[in-house]
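Chains as they are written, first to last, in my numbering: chain A, 805 to 1038; chain B, 805 to 1038. Every residue gets a Cβ at the ideal spot worked out from N, C-alpha and C, and that includes glycine. As the structure is a prediction and not an experimental result, all values here were calculated from the model.
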DNA sequence: GCCCCAAACCTGTATGATATGTTTTCTTGA
DNA sequence: TCAAGAAAACATATCATACAGGTTTGGGGC
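Laid out in structure tokens, this is it:
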């Protein structure tokens, strides 16, 4: 909304009508929306228009659609967010460096929050990914996936879904640049040191020390950014 | 992408094909995409499917569409991002408080970057909004709009479009809660003090003092959040 | 060389048809 | 009486076609 309102066209109006319906009826995740035929009657437009509206909301993952079933309100999902970021990067309107600055800013906060708020299960999960990185240090791809899961778990443990949302939106970019950063760490020793950085973070979270956790996270990002710069990525 | 791949259906495939086209061809903002008819032939699906794909990308503001013209790659825009956030808030999957924590985190960084990187024109713009808030202190709606513009200008001056993107995505939520916070500031004196907080921030940016700017921003957010809590907003 | 207009092309919307998946209802058999 | 299963009602997925406007382009006239 906010900017959809001034958009011409029946489809935008239909999108607005649907989101408004969600708001007015106070619908939550899982609740069913009217069928396309209902909407067609209610808005006095063709099925085509209603369908494009539903489809658009589905593409943004604001609603779930599947054949035979009526659409339903979706659970919070990175959905569109990651597409926007990826679009920005692939069209060179956003640099990888800028993404990392945002990640650093946010993750210094999530890690501090995680140190304060994590449950024991969350702490164990975070520690698990740090360990898995160590154990698979010979397979970059696997290390990467655990790395991403590690940061995601920390965001989760911050207990603020908006942070999770944003961090996850960046994971696509991370996947496309991670290996490059890894390769600049020439020696195996350096690679192990980088992995151990995650261990430091995990321990600080488990110890419930937000200051220390934030410091380790900052150091980790500084090293990562340096690696990307060394690799010639702006 | 990233999660669209596993989605069944021709439309998702078409969306992927289009984004892939943008990537492979190295298209940038303003560049034209194939016509719907072209895509129809290329993908061997009906125009309906292609249209729904285009429309979805348009709803996310990854592409621009208008009658008679072929679609083009869009400039970076909050687009979908704000819709995701709003959806989260209206369906009560995100609390206003959580949004403010994220804003605080990010804006403490943008304000520091702004102090370091702002051009003179940007500094003047920021100062202008602070002044306009002071001059219109009797009209909450107007103060609010200048307040939002103030924070947006700071994000702009950080010279990292990702920050701008995120801050702007929150402006819808801000609009819906701002007045509530304002009302809890019972006396006119308190309201003026709150507005003066913006002046402090502006001056620190102009002075090029990132530390001070961040401190003022933190204080500003702490007061705002306190106001919302006093108003009973979780 | 310039202007104007028509043709070609494109998107926006509507309609109807068919295929297929899901839910509800009703029947039938134990 | 009740439960299993079939049929009907409902819903989305995709396709084909049509026509109304908006935009671009190329040609003709000057």
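Looking only at its chain, what residues have a beta carbon closer than 6 Å to the beta carbon of residue 1012/B, apart from the 5 residues adjacent to it on each side? 919
Per-residue contacts from residue 863/B into chain A (C-beta, under 9 Å): 808, 815, 816, 819, 856, 857, 859, 860, 861, 863, 864 and 884
Alpha carbon of residue 904/B to alpha carbon of residue 966/A, nearest angstrom: 10 Å
Beta-bridge pairing of residue 868/B - partner residues as DSSP gives them: 876/B
Given residue 881/B, which residues of its chain have a CB within under 6 Å of its CB, disregarding the five upstream and five downstream residues? 865
Residues of its chain near residue 979/A, where Cβ-Cβ distance is below 8 Å and the 5 sequence neighbours each way are ignored: 948 and 952
Whole-angstrom Cβ separation of residue 876/A and residue 832/A, contact assumed at under 8 Å? The Cβ separation is near 10 Å, so there is no contact.
Which chain B residues sit within Cβ distance under 9 Å of residue 880/A? 888, 891, 892, 895, 897 and 898
Distance check for residue 1014/A and residue 917/B, CA to CA, integer angstroms please. 23 Å
Residue 961/A and residue 889/A: beta carbons closer than 8 Å? no
Would you kindly work out how many angstroms separate the C-alpha atoms of residue 1028/B and residue 827/A, rounded to a whole number? 25 Å
I need the boundaries of the alpha helix (DSSP H) containing residue 996/B, first residue and last residue. 992-1011
Quick one, which of 999/A, 860/A and 816/A has its alpha-carbon nearest residue 1024/A's? 999/A
So, does the CB of residue 965/A fall closer than 8 Å to a CB anywhere in chain B? yes
Quick one, which residues of the region 897-923 of chain A are near chain B if we go by CB-CB under 7 Å, in chain order? 897, 898, 902, 903, 905, 906, 909, 910 and 913
Along the alpha helix (DSSP H) that carries residue 821/A, what are the first and last residues, could you check? 814-829
Against chain A: residues of the region 832-847 of chain B by CB proximity under 7 Å: 832 and 833
Assuming residue 958/B and residue 910/B make a contact with CB atoms under 8 Å, what is their CB distance in whole Å? About 10 Å; that fails the 8 Å criterion.
Pick from 927/A, 829/A, 873/A and 860/A: whose alpha carbon is nearest that of residue 815/B? 860/A
Per DSSP, residue 836/A forms a beta bridge with which residues? 876/A
Under 8 Å, Cβ to Cβ, is there at least one residue of chain B near residue 980/A? no
Please state the DSSP three-state secondary structure of residue 914/B. helix
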